[in-house]
Amino acid sequence: MHGALFFESAAMRRASFVKSPLTWSAILLFGVAFNLHIADIGETYVARNLGAWAAICASIVALWWQPLLGGKPAWSPLWLGGLLVPVIGAVFVLLVNIIGGFEHLHMGHYFLPFMLLAFALLVLGLLQHVESPNTTAPDMALLFIIIGLALTPQYALYLLQENPIFKFWSPLSAGQMPYWLSKPSAGFGQYNLLGSLLASVLVMGAAALTLIPMRRWRRLAVVGLLVFYAHDLPFVPSKTALLGVLGGLGLLAVYVFSAIDKPDVKRRLGLSVALLVVSYAAASGLAALLGLGGELADRSVDGNASSFQTRFTMWLVGFWGFVDKPLFGHGLGSYLSVYMSQFAQYGVAEGLYFYPLVTVPHNLFIHILSETGLFGLAVIMGPLIYLGIRVFQTHSNRWLIAALVFPILLHTQFEYPYIASGAHYWMFAVALVMGLSFTLKADKQSAKERVETALPRLFSLADKRLRLAIVSTLTAAAFVGIFGLGALMADVRQATLAHTRATHMSLAAYIDDRANAPELQHPILGERLRAITNIHLINLIYKEQRFDLLRPVALPYFEAHVLPHYPAPRVWQLALEVYVTLGAFDKARALIAEIEKYTPQKAASYRAGLAQYLAQMANRPQ
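If you count the sequence shown from 1, position 167 lands on 396 in the working numbering, and the numbers rise without skipping.
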């Protein structure tokens, strides 16, 4: 057992890293507070809120500037290998896809090495500062306060989205509301993404309140944020977030009772948990009274399958895909194809419910295994898993680290924040480093212990010109990334606005406009926008009764690029309507036979409808 926790001297306070000119906390704050989920650009490894990634790029420069120019960066083969080797692995996975000729590889997948590299540099940059002996525990408390404040605008936006008055009176209503405002999800596009971030903040706050002796204003700020976010959680109907909080608090309790023998620390833990429970209970009653937060019970999909049953089906089918090609998988972006082929082979026989348009299995490991096999798991996740095992085996704060990262790790097993949210990379990095930075000893060996257990200092860069060159290169790369992501965000906005504007045109104007639309040739957005354009074109043809355009204009692209890649009832229904209109009854029967492989119930309904139509046509006077 260890004794005292942290101490804070005046000298240490003056050297606080949060007071340095790096201003990294403010930059990180921007990444979360102003995160906006852009329009859906397809299920790729590109995180769709690119503003968060731009903030991460800026943060990397801010974090590394001082250590590199000062000539005292901290390095470790363990950390460098564990965090940078996956970047090389991602490149190899892409090469395997390219050489193998996988048709599922999209332009967005080329962002995977960039994402892993940015995450690695972010973690290592954070460690440069928090592993310094000049960093104090109150700095960690202040960091938590900054994080808590960063999410406040997001949750305020969520409450506005849940408020029917906002939706009714907003000038953005009436079909003009942006995608990121169209449903209660704050700026993340999905409420579970907001939920797991809230869960992370709650666990971080409980850890800070439990472990850090702090001044009154900081303690009041932490308590206020905990009460606020504990009240928030019931309004965000995310069972994953709730489980993340419970699991994180449980692991925090394991840490406190196994590593700390100070009664006041255990008492603060009990008070923190009680504060969260009371706040959550009060907010749950308020949410039920106001009818906010959606249904907290297990929701169903089309009234046939619960959310867990649906996820279980995704996992099982993904595992079947891995067994089919265990070594190299089916290729990045192939899960939809895997889901369709494996479900057709086994799903109906096993009595599973078919959920349409499943492009991700909602589980990180099954996703990697089904698309990249054991090779992808080894080269991408292997170093990170090894690093986690080493930290858990050697670091005195193993249970604390596990508690802080648990909400997001849990989320990756039920959904895909690693695709949909750059902010989760940011939050995971901060949580990991906060756990590593805590020390249980306030003696002469504490600083040395921190450095040796988390980031051993092996050498320093002596050549000033070399340091300047590294800083300049890092800065230039970051700004290229920032402007590149900014340009992509601008492209997304322009493309979505242009498409929305075109949907209000007549058929002739729409055909003319879309024929010359540059966004349809966009390397990332083009494929998805072309499919949506084709579907809207068919709907306009029906609206204006121009059936002569179905066969030469609309049907070829629909059959080649929409129907095979968007297997969903609404697409099937549209295809059957087109076939019936054109008198292509053999194609309609063939499509119904294909649908029967996935959902016999819908196939039977479609077959009955087709038979009824043909009977009516037969009985109609010539």
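Beta carbons: idealized from backbone N, C-alpha and C, even for Gly.
Mind checking whether residue i and residue j have CB atoms under 8 Å apart?
{"i": "residue 775", "j": "residue 736", "result": "yes"}
{"i": "residue 618", "j": "residue 661", "result": "no"}
{"i": "residue 193", "j": "residue 807", "result": "The structure shown does not extend to residue 193, since the chain spans only 230 to 851, so no value can be given for it."}
{"i": "residue 381", "j": "residue 583", "result": "no"}
{"i": "residue 498", "j": "residue 510", "result": "no"}
{"i": "residue 311", "j": "residue 612", "result": "yes"}
{"i": "residue 663", "j": "residue 697", "result": "no"}
{"i": "residue 627", "j": "residue 635", "result": "no"}
{"i": "residue 767", "j": "residue 318", "result": "no"}
{"i": "residue 758", "j": "residue 728", "result": "yes"}
{"i": "residue 560", "j": "residue 334", "result": "yes"}
{"i": "residue 469", "j": "residue 640", "result": "yes"}
{"i": "residue 216", "j": "residue 307", "result": "The structure shown has nothing for residue 216, since the chain only spans 230 to 851."}
{"i": "residue 593", "j": "residue 647", "result": "yes"}
{"i": "residue 700", "j": "residue 298", "result": "yes"}
{"i": "residue 296", "j": "residue 316", "result": "no"}
{"i": "residue 565", "j": "residue 539", "result": "no"}
What's the gap between the Cα of residue i and the Cα of residue j?
{"i": "residue 457", "j": "residue 353", "result": "31 Å"}
{"i": "residue 598", "j": "residue 372", "result": "36 Å"}
{"i": "residue 723", "j": "residue 738", "result": "19 Å"}
{"i": "residue 450", "j": "residue 285", "result": "26 Å"}
{"i": "residue 355", "j": "residue 492", "result": "32 Å"}
{"i": "residue 345", "j": "residue 460", "result": "34 Å"}
{"i": "residue 281", "j": "residue 651", "result": "5 Å"}
{"i": "residue 645", "j": "residue 657", "result": "14 Å"}
{"i": "residue 379", "j": "residue 705", "result": "27 Å"}
{"i": "residue 428", "j": "residue 474", "result": "5 Å"}
{"i": "residue 643", "j": "residue 423", "result": "14 Å"}
{"i": "residue 681", "j": "residue 444", "result": "Reliability fails at residue 681, whose pLDDT of 45 lies under 50, so the model's placement of it is uncertain and the value that follows must be treated cautiously. Cα-Cα distance, rounded: 29 Å."}
{"i": "residue 302", "j": "residue 707", "result": "19 Å"}
{"i": "residue 702", "j": "residue 791", "result": "43 Å"}
{"i": "residue 590", "j": "residue 339", "result": "20 Å"}
{"i": "residue 377", "j": "residue 430", "result": "6 Å"}
{"i": "residue 488", "j": "residue 665", "result": "15 Å"}
{"i": "residue 558", "j": "residue 841", "result": "44 Å"}
{"i": "residue 730", "j": "residue 762", "result": "12 Å"}
{"i": "residue 545", "j": "residue 802", "result": "28 Å"}
{"i": "residue 849", "j": "residue 748", "result": "46 Å"}
{"i": "residue 789", "j": "residue 814", "result": "18 Å"}
{"i": "residue 406", "j": "residue 844", "result": "Residue confidence for residue 406 is low, a pLDDT of 47 falling below 50, so the modelled location carries little weight; the figure read from the coordinates is stated next. If I take the Cα positions, the gap works out to 45 Å."}
{"i": "residue 581", "j": "residue 569", "result": "13 Å"}
{"i": "residue 571", "j": "residue 595", "result": "14 Å"}
{"i": "residue 486", "j": "residue 415", "result": "37 Å"}
{"i": "residue 421", "j": "residue 471", "result": "10 Å"}
{"i": "residue 389", "j": "residue 383", "result": "10 Å"}
{"i": "residue 836", "j": "residue 787", "result": "21 Å"}
Candidates the options: which alpha carbon is nearest residue i's?
{"i": "residue 439", "options": "417, 424, 478", "result": "478"}
{"i": "residue 387", "options": "324, 494, 734, 463", "result": "463"}
{"i": "residue 576", "options": "470, 348, 841, 824", "result": "824"}
{"i": "residue 505", "options": "441, 799, 432", "result": "432"}
{"i": "residue 654", "options": "348, 298, 319, 323", "result": "348"}
{"i": "residue 442", "options": "494, 422, 471", "result": "494"}
{"i": "residue 278", "options": "826, 485, 711", "result": "711"}
{"i": "residue 756", "options": "627, 294, 435, 337", "result": "337"}
{"i": "residue 324", "options": "605, 816, 786, 622", "result": "605"}
{"i": "residue 834", "options": "817, 632, 789, 848", "result": "817"}
{"i": "residue 785", "options": "714, 804, 709", "result": "804"}
{"i": "residue 455", "options": "425, 465, 501", "result": "501"}
{"i": "residue 799", "options": "700, 813, 586", "result": "586"}
{"i": "residue 638", "options": "435, 801, 426", "result": "426"}
{"i": "residue 350", "options": "448, 320, 294, 383", "result": "294"}
{"i": "residue 607", "options": "573, 556, 567", "result": "556"}
{"i": "residue 503", "options": "552, 846, 435", "result": "435"}
{"i": "residue 781", "options": "811, 796, 754, 797", "result": "811"}
{"i": "residue 288", "options": "659, 719, 847", "result": "659"}
{"i": "residue 550", "options": "574, 536, 537", "result": "574"}
{"i": "residue 374", "options": "448, 715, 322", "result": "448"}
{"i": "residue 719", "options": "754, 694, 743, 745", "result": "754"}
Worksheet item: Can you give, in chain order, each stretch of the alpha helix (DSSP H) that sits fully within the stretch 295-332 and has at least 4 residues?
Response: At a cut-off of 4 residues, the continuous stretches assigned as alpha helix (DSSP H) that sit fully inside the stretch 295-332 are 306-329.
Discussion item. Please give the ranges of any alpha helix (DSSP H) in the stretch 695-767, keeping only runs that are unbroken, at least 4 residues long and fully inside the region.
Written reply: For the stretch 695-767, whole alpha helix (DSSP H) runs of length 4 or above, ordered along the chain, are 736-744.
Item to complete: Please specify which runs of the beta strand (DSSP E), each continuous and at least 3 residues long, are wholly inside the stretch 536-585, giving them in chain order.
Response: Counting only runs of 3 or more, we get nothing.
Discussion item. Could you tell me which whole alpha helix (DSSP H) segments of length 4 or greater appear in the stretch 767-849?
Written reply: You should have 798-811, 814-825, 829-848.
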